[in-house]
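Working notes for the structure below.
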């Protein structure tokens, strides 16, 4: 099963680049949804001895990260009728390059992290790379909605890292984590909707009234 | 079972309150749940509870200190909220009470979790429970505040989850992520992974505490949130975030990593004091001023942890003092803002004449929050300073004294401006009302009491909490 899980992990990195390189908001959300589906398959691929714990984790992830949240975000952009990320702080080519550097760095760092439990050598570097890509999206995109997706990607990276510890973290806690992410993105989505109504724009760059 | 009650009573009441259309019934649920919570915590002081769910939920001395701050502050805020909701009816009023109760439930979860991943779940829930309350005015400024608060806190907390997984990876023996087992087997943990875990958890919980330079959301959020929500954030939420950090410090000191950890904590502490001092001078918004004061006090908490020894005792005592004092300040300022209609300093003069009760409380609060005798913060700040000078960090002691003096001048100038002078704007239009004065009065008495007399049972709990952090009682 290692080959299959490695394939899944490589696809996760590809969706990272998809998010970095695309201009269309709906495309960004689609990439995040695909990544959610890949993450749902990962625990099953990594732990061939199927247990209720692994199946429940996969199913919960599929519902929350691949179906419900993307559908909710799609609705948000439809209501706001915004299509494109027009004014990123750094350009798309540049952010792809930064992403590539991040992946290289992640592999270098992962080599030095002694994780005896990691089921495959790709797990830790992919987790680190996804976390960094999430942070890049959060900091370099000006649309509030893209930033929400960035937060989702960041959480996905941490989730991948957590899979190396799946035997140690009980199911109940994982459900709690998933619930928190769900509610968090949900509230952010509502705030994004209000930002759009108030400013006629999804851009969080308009939020500049409060300062010293 | 009482530990479970701490979680289920507020959450059950939150659901019940949401179902009611009548504001009076919702308020009744709020008061009843707050009173029941206080009663449970009081009974835990008398007879400790045994751990439940395979040691996942347990109450040690450190947890009891934080839990007591939360429950006392919440009960007083609940009484205040009744008075507040009479004068201001925020939009989405139905959710207001339920969010408050949800916050109480999730902070209790943080205080009694001995499983660090469960603690994380509670910590994120506290962030989310308060978010709708920050946005209660539904205008541009509060929208900006809630966005910054949500994004920065959530990212910070996500990094703390990353750190928690690192901690699980570093652990070789014992039951995973249970604080007792982590401390017992700390010596066998992999030091590289443990250090990585510490850095991520410090950044994560530090963001939630509002340590500089991770404090960017704090002035905006405290400035825009209703004062009673800011009181809960500055008093209870920061104490919970501190507890998360303290758990890691427990593991790090048991693992013999103090030499790596302490300089980092000291740096964060001193930098927070510097930033707070710089932004408090000439601050023209009273609530933002208090937010920077909160950055200062968070800095003092990690400073004490970083010094270790008797500094840790000062920190544990300061958790109590900070919670009570911040509650006093924000509730009082909330009353004043209801009278003056603004928190902009130049347009809120003559408060002593316009709202005498709140004016006197604000004056008392000024001396308490700046660490003047005979109030509680004086004792804890003095202990931390004593630890700095007595334990080989005289320069940190000197820098801290200078910064505290600057902060005193900055706060006193602004607050005295507000208290004295000719009243501007319309006269005393709002009666202060005993519901909104009761909370601050009790808090002022408590902070005075903490400064002059600590009862024996409290001293004993503080001592046990200090020892668990690897410190020593002076």
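Residue numbers (the numbering used here), protein chains in the order written: chain A, 1 to 212; chain B, 1001 to 1474. Glycine is no exception: its CB is placed at the ideal position from the N, C-alpha and C atoms.
Start and end residues, alpha helix (DSSP H) containing residue i
i, result
"residue 1213(B)", "Segment: none, residue 1213(B) is in no alpha helix (DSSP H) and carries neither H nor E."
"residue 1074(B)", "1061-1087"
"residue 1313(B)", "1310-1340"
"residue 1287(B)", "1286-1307"
"residue 60(A)", "52-61"
"residue 1220(B)", "1217-1224"
"residue 1357(B)", "1356-1369"
"residue 1162(B)", "1140-1170"
"residue 67(A)", "No alpha helix (DSSP H) contains residue 67(A), which DSSP labels as neither H nor E."
"residue 1238(B)", "1238-1254"
"residue 98(A)", "92-112"
"residue 1280(B)", "1258-1280"
"residue 1136(B)", "First-last for residue 1136(B): undefined, no H or E at that position."
"residue 957(B)", "With chain B covering 1001 to 1474 only, the question about residue 957(B) has no answer from this structure."
"residue 1018(B)", "1002-1019"
8 Å Cβ cutoff, residue i in contact with chain A
i, result
"residue 1220(B)", "yes"
"residue 1192(B)", "yes"
"residue 1147(B)", "yes"
"residue 1279(B)", "yes"
"residue 1014(B)", "no"
"residue 1112(B)", "no"
"residue 1095(B)", "no"
"residue 1155(B)", "yes"
"residue 1168(B)", "yes"
"residue 1158(B)", "yes"
"residue 1259(B)", "no"
"residue 1216(B)", "no"
Anticipated Cβ contact below 8 Å, residue i with residue j, distance rounded
i, j, result
"residue 1321(B)", "residue 1376(B)", "4 Å"
"residue 1154(B)", "residue 151(A)", "6 Å"
"residue 1228(B)", "residue 1334(B)", "6 Å"
"residue 1245(B)", "residue 1306(B)", "No, residue 1245(B) and residue 1306(B) are not in contact; Cβ-Cβ is about 11 Å, not under 8 Å."
"residue 1462(B)", "residue 1313(B)", "7 Å"
"residue 120(A)", "residue 5(A)", "6 Å"
"residue 1003(B)", "residue 1043(B)", "At roughly 11 Å, the Cβ-Cβ gap does not stay under 8 Å, so residue 1003(B) and residue 1043(B) are not in contact."
Residue i: contacting residues in chain B (beta-carbon distance under 8 Å)
i, result
"residue 47(A)", "In chain order: nothing, as chain B lies at least about 16 Å away."
"residue 114(A)", "1190, 1192 and 1193"
"residue 195(A)", "1143 and 1147"
For residue i, the residue or residues it bridges with in DSSP
i, result
"residue 1115(B)", "1178(B)"
"residue 131(A)", "Beta-bridge pairing links residue 131(A) to no other residue."
"residue 1344(B)", "1285(B)"
"residue 143(A)", "203(A)"
"residue 1052(B)", "1057(B)"
Amino acids of chain A, ordered along the chain, whose beta-carbon sits closer than 9 Å to that of residue i
i, result
"residue 1176(B)", "165, 167, 168, 169 and 170"
"residue 1223(B)", "210"
"residue 1388(B)", "Per Cβ cutoff of 9 Å: no residues; residue 1388(B) is ~29 Å from chain A at best."
Min CB distance residue i to chain B below 8 Å
i, result
"residue 26(A)", "no"
"residue 132(A)", "no"
"residue 74(A)", "no"
"residue 207(A)", "yes"
"residue 198(A)", "yes"
"residue 180(A)", "yes"
"residue 204(A)", "yes"
"residue 173(A)", "yes"
"residue 158(A)", "yes"
Contact set between residue i and chain B, taken where Cβ atoms lie within less than 7 Å
i, result
"residue 162(A)", "1165"
7 Å Cβ cut-off: residues of chain A touching residue i
i, result
"residue 1141(B)", "209 and 210"
"residue 1144(B)", "207, 209 and 210"
"residue 1131(B)", "187"
Residue i: contacting residues in chain A (beta-carbon distance under 8 Å)
i, result
"residue 1150(B)", "184, 187, 188 and 191"
"residue 1128(B)", "180, 183, 184 and 187"
"residue 1409(B)", "In chain order: nothing, as chain A lies at least about 18 Å away."
"residue 1058(B)", "Ordered by position in chain A, no residue passes the 8 Å Cβ test against residue 1058(B), which lies about 16 Å from the chain."
Contacts of residue i in chain B (Cβ-Cβ under 9 Å)
i, result
"residue 177(A)", "1117, 1120, 1121, 1124 and 1161"
Listed in chain order, which residues of the segment 139-155 of chain A have Cβ atoms closer than 8 Å to some Cβ of chain D? Reference to chain D is not applicable here, since the protein chains of this structure are A and B.
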